[in-house]
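Accompanying notes for the structure given below.
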Amino acid sequence: MATSKAKKAKKTSSAKSKAASKAKATATARTAKSAEVVVDKGAKKKADAKKTDVKVITSKKHSAVREFFARKFDATENILTIFKRGKIFGALIGEAVGVMLITMIALTLGLFNPLYMVFGYLVITLAVFRLSGANLNPIITVGMLATRRMSAIRGVLYIIAQILGAWLGYVVINGFYQVGLASGQISASSASLPALTPASDLTIATEGFSMFWPIVLLEFMGAIVIAFAYARALTYKRSAFTFASVVAAGVFLALLLAVVICSNYLYISDTVFVMNPAVAFVYGLFPGDAEGFDALMKALMPMLVTYVIFPVLGGALGFYLSDISSKLAGEELAN
Numbered sequence: 000m001a002t003s004k005a006k007k008a009k010k011t012s013s014a015k016s017k018a019a020s021k022a023k024a025t026a027t028a029r030t031a032k033s034a035e036v037v038v039d040k041g042a043k044k045k046a047d048a049k050k051t052d053v054k055v056i057t058s059k060k061h062s063a064v065r066e067f068f069a070r071k072f073d074a075t076e077n078i079l080t081i082f083k084r085g086k087i088f089g090a091l092i093g094e095a096v097g098v099m100l101i102t103m104i105a106l107t108l109g110l111f112n113p114l115y116m117v118f119g120y121l122v123i124t125l126a127v128f129r130l131s132g133a134n135l136n137p138i139i140t141v142g143m144l145a146t147r148r149m150s151a152i153r154g155v156l157y158i159i160a161q162i163l164g165a166w167l168g169y170v171v172i173n174g175f176y177q178v179g180l181a182s183g184q185i186s187a188s189s190a191s192l193p194a195l196t197p198a199s200d201l202t203i204a205t206e207g208f209s210m211f212w213p214i215v216l217l218e219f220m221g222a223i224v225i226a227f228a229y230a231r232a233l234t235y236k237r238s239a240f241t242f243a244s245v246v247a248a249g250v251f252l253a254l255l256l257a258v259v260i261c262s263n264y265l266y267i268s269d270t271v272f273v274m275n276p277a278v279a280f281v282y283g284l285f286p287g288d289a290e291g292f293d294a295l296m297k298a299l300m301p302m303l304v305t306y307v308i309f310p311v312l313g314g315a316l317g318f319y320l321s322d323i324s325s326k327l328a329g330e331e332l333a334n
């Protein structure tokens with residue numbers, strides 16, 4: 000009896016030990032599976048986090064590009080709504096009067112006196128800044144359009160007002176000039192209104208060497224400087240005086256460079272640069288003595304390339320250079 004009881008006890012203990020070992024093995028397997036699940040979940044979370052980071056970086060890149068080319072003017076402004084607001088008429092008057100005064104300064108004091116022009120630009124910009132933003136130049140207006148700071152209809156109206164203002168300035172100064180001629184106080188040989196000297200005339204004076212591309216580059220570089228300065232001045236538009244000072248300084252620098260290059264390197268004393276397509280119209284952009292349409296276009300196209308097309312391209316490039324530098328420096332784009 001004692002032997003059978005001992006055997007039974009051994010069997011019971013061995014069964015218990017087998018059950019305990021099975022339970023341990025099962026627990027170990029479950030722990031391993033749960034650990035694998037945790038590892039899998041952690042790996043998935045890391046993978047998802049990486050995907051999220053990639054998406055965030057990509058979205059940031061896309062948002063930066065979209066922000067760069069995003070519309071920065073009032074989305075509700077269009078040809079149907081712009082005339083319902085009386086502000087546009089005040090802005091157009093400001094642009095016309097401002098360009099008229101600039102044209103009068105250019106025709107009397109001359110573009111070879113940058114110091115006079117800088118004070119003129121400073122005062123005029125201060126006077127019309129709150130009215131229109133003081134573009135005062137199609138170069139600036141096209142740059143504003145290219146960087147989507149201005150609606151197309153406003154840009155077109157501004158350019159029309161600027162050309163009209165330049166024509167009015169010419170009419171006023173030419174009126175005084177004609178009175179002087181009629182009264183005999185001055186003669187055409189002793190005094191005359193400044194006019195653009197065509198590159199063809201300069202070619203004759205320089206023994207056949209073409210001065211066309213040097214003049215084009217003068218206008219192009221000057222437009223870049225003026226547009227870049229204006230775009231940078233937009234960051235200071237809360238202070239009208241600071242804004243006007245930066246704009247005037249940009250105009251002064253562009254004209255000063257042109258004067259120094261013309262005088263010291265090209266030896267040109269004639270007026271060959273304007274850096275304002277609106278003023279260029281009254282300086283003789285359209286020749287009136289051409290014989291026939293072919294001759295007219297032959298004389299007109301070089302003038303358009305020099306005083307309209309390249310300055311406008313330079314204006315757009317100046318604004319884009321300012322925006323690119325602002326983004327790289329971490330600044331917000333100024334409207």
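Residue numbers are given in numbering that gives the first Met the number 0: position 133 of the sequence shown equals residue 132, and the series is strictly consecutive. Don't be surprised by glycine CBs; every beta carbon is placed ideally from N, CA and C. Bear in mind the structure is a predicted one, so any value in this text is a computation, not a measurement.
Give me the Cα-Cα distance between residue i and residue j, rounded to the nearest whole angstrom.
{"i": "Leu-91", "j": "Lys-83", "result": "14 Å"}
{"i": "Gly-183", "j": "Ile-308", "result": "41 Å"}
{"i": "Met-210", "j": "Ile-81", "result": "44 Å"}
{"i": "Leu-114", "j": "Gly-249", "result": "12 Å"}
{"i": "Phe-208", "j": "Ala-298", "result": "18 Å"}
{"i": "Val-55", "j": "Gly-314", "result": "Low confidence applies to Val-55: its pLDDT is 46, below 50, so where it sits in the model is not reliable, and the reading given next is rough at best. Distance between the alpha carbons of Val-55 and Gly-314 is about 35 Å."}
{"i": "Gly-164", "j": "Lys-326", "result": "35 Å"}
{"i": "Thr-57", "j": "Ile-78", "result": "In this prediction, Thr-57 scores a pLDDT of 48, lower than 50, which makes its location untrustworthy; no coordinate-derived value is stated."}
{"i": "Ser-150", "j": "Ile-139", "result": "13 Å"}
{"i": "Trp-166", "j": "Gly-142", "result": "22 Å"}
{"i": "Leu-265", "j": "Val-215", "result": "13 Å"}
{"i": "Ile-101", "j": "Val-246", "result": "14 Å"}
{"i": "Ile-185", "j": "Gly-179", "result": "6 Å"}
Tell me which same chain residues have a C-beta within less than 8 Å of the C-beta of residue i, skipping the five on either side of it?
{"i": "Met-103", "result": "Gly-168, Val-171, Ile-172"}
{"i": "Leu-195", "result": "Thr-270, Val-271, Val-273, Ala-279, Tyr-282, Gly-283, Leu-284, Met-302, Tyr-306"}
{"i": "Asp-322", "result": "Phe-67, Thr-146, Ala-230, Leu-332"}
Is residue i helix, strand or coil when you go by DSSP?
{"i": "Ile-87", "result": "helix"}
{"i": "Pro-193", "result": "coil"}
{"i": "Arg-70", "result": "coil"}
{"i": "Ile-267", "result": "coil"}
{"i": "Lys-326", "result": "helix"}
{"i": "Phe-272", "result": "coil"}
{"i": "Arg-147", "result": "coil"}
{"i": "Gln-177", "result": "helix"}
{"i": "Ser-131", "result": "helix"}
{"i": "Lys-297", "result": "helix"}
{"i": "Thr-140", "result": "helix"}
{"i": "Ile-185", "result": "coil"}
{"i": "Ala-243", "result": "helix"}
{"i": "Leu-108", "result": "coil"}
{"i": "Met-210", "result": "coil"}
{"i": "Ala-333", "result": "coil"}
{"i": "Ser-321", "result": "helix"}
{"i": "Ile-78", "result": "coil"}
{"i": "Arg-153", "result": "helix"}
{"i": "Thr-57", "result": "Residue placement at Thr-57 is poorly supported in this model, since its pLDDT is 48, which falls under 50; the coordinates still yield a value, given next. Of the three classes helix, strand and coil, the one that applies to Thr-57 here is helix, per DSSP."}
Tell me which residues share the same chain as residue i and place their Cβ nearer than 6 Å to its Cβ, disregarding the 5 neighbours each side in the sequence.
{"i": "Gly-97", "result": "Ile-123, Val-127, Leu-135"}
{"i": "Asn-275", "result": "Asn-136"}
{"i": "Lys-71", "result": "Arg-147, Arg-148, Asn-334"}
{"i": "Thr-234", "result": "Ala-333"}
{"i": "Val-252", "result": "Sequence check: residue 252 is Leu here, not Val. Closer than 6 Å at Cβ, skipping near neighbours: Val-224."}
Excluding sequence positions up to five away, which residues of its chain have a Cβ less than 7 Å from the Cβ of residue i?
{"i": "Tyr-176", "result": "Leu-192"}
{"i": "Ala-257", "result": "Leu-217, Gly-221, Phe-272"}
{"i": "Gly-109", "result": "Pro-193"}
{"i": "Leu-125", "result": "Ala-239, Phe-240, Ala-243"}
Under the assumption that residue i contacts residue j (Cβ atoms under 8 Å), give the Cβ distance between them as a whole number of angstroms.
{"i": "Phe-242", "j": "Ala-232", "result": "5 Å"}
{"i": "Ala-105", "j": "Ala-160", "result": "Ala-105 to Ala-160, Cβ: 18 Å. No contact."}
{"i": "Leu-121", "j": "Ser-244", "result": "7 Å"}
Indicate whether at least one CB of chain D lies closer than 8 Å to the CB of residue i.
{"i": "Leu-252", "result": "Protein chains in the displayed structure number just one, and chain D is not present."}
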